[in-house]
Ligand code: AMP
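In this note's numbering, the protein residues as written are 829 to 1078.
Here's what the structure looks like:
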């Protein structure tokens, strides 16, 4: 199994772990659970890429690609995009060299069919460490972020993001210094189309019906790790890092 995680530097009480192979990290939870925020923190600490199928889909819609045209209606109504399109996008993304040490899947898989497809794809896949580029198999670490329903609603309706750097704010719990302006870029913050109240109910329903069964799927594999997403951001990151480290040495 992978070598122990390296210790390079410290950010607050969080130790950075940029030197070892990490393998696949699967992060799932309802819309608004904080998957995007936590993924970005882990990207910094582990130096592996975030692969957000929601972000890739939004880019495709914005650029008017064939995938984007097919996905647009489902996304606008809060439904899931077809497994075929999403799996093809992930397959393409995973061919990029930045995934050699590992990657964080944010919002994928979202159906049992996607999880089965991913299991097949990962079977036998080797991951490199930065020391000597030793390649080895690393089992996926599956983390389910759980958040109280009312918290979710507040997070979704209050969510704003910077179109330039992607920083995520919340008008209730994490406001920018100047209303509607990114602290880092000065860009005007935007609200996602599907964070409107009329779409949120559909997204939460899609989560319950199609994504929640993944808990049973990964539990049966003995892989499901639950994290309380109602805690402070930094605490959640610490718990996730610890799970990733232990998950790597199962
Ligand atoms: P997200 O940014 O992860 O909340 O995703 C936004 C929207 O993209 C979702 O409401 C779905 O319509 C679509 N989407 C993202 N990931 C997936 C996935 N793995 N499977 C199907 N649809 C997805």
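Beta carbons are placed, not taken as given, at the ideal position from N, Cα and C, and that holds for glycine.
Taking every protein chain shown into account, the CB of residue 1056 has fewer than 16 other CB atoms within 10 angstroms, so this residue is exposed. Taken atom to atom, the span from the alpha-carbon of residue 929 to that of residue 851 is near 6 Å. Approximately 4 Å separates the beta-carbon atoms of residue 1031 and residue 906; this is inside 8 Å, confirming the contact.
Sequence-distant partners of residue 862 (beyond 5 residues in either direction) whose C-beta falls short of 8 Å from its own C-beta, in its chain, are 973, 975, 983, 1057, 1061, 1064.
For residue 1034, the Cβ falls inside the 8 Å cut-off from some heavy atom of the ligand AMP.
A Cβ-Cβ contact shorter than 9 Å links residue 985 with residue 1023. The secondary-structure analysis by DSSP pairs residue 852 across a beta bridge with 931. A straight-line Cα-Cα distance of about 29 Å links residue 913 and residue 964. Judged by DSSP in its simplified three-state form, residue 891 adopts helix. Across the structure, residue 1014 and residue 1050 are spaced so that their CA atoms are roughly 45 Å apart. Rounded to whole angstroms, residue 877 and residue 923 show a C-alpha spacing of 12 Å. Taking the Cβ atoms as the reference, residue 902 lies roughly 5 Å from residue 909, within the contact range of under 8 Å.
Burial is judged here by how many other beta carbons sit within 10 angstroms of a residue's own beta carbon; residue 866 has at least 16 and is buried. By the Cβ neighbour-count rule, residue 916 is exposed, with fewer than 16 other Cβ atoms within 10 Å of its own.
Look at the beta carbons and you see the region 950 to 959 not touching the region 887 to 895: under three pairs across the two are nearer than 8 Å. A straight-line Cα-Cα distance of about 7 Å links residue 966 and residue 955. Around the beta carbon of residue 881, 16 or more other beta carbons sit within 10 angstroms, so the residue counts as buried. When DSSP reads this structure, residue 878 sits in a beta bridge with 932.
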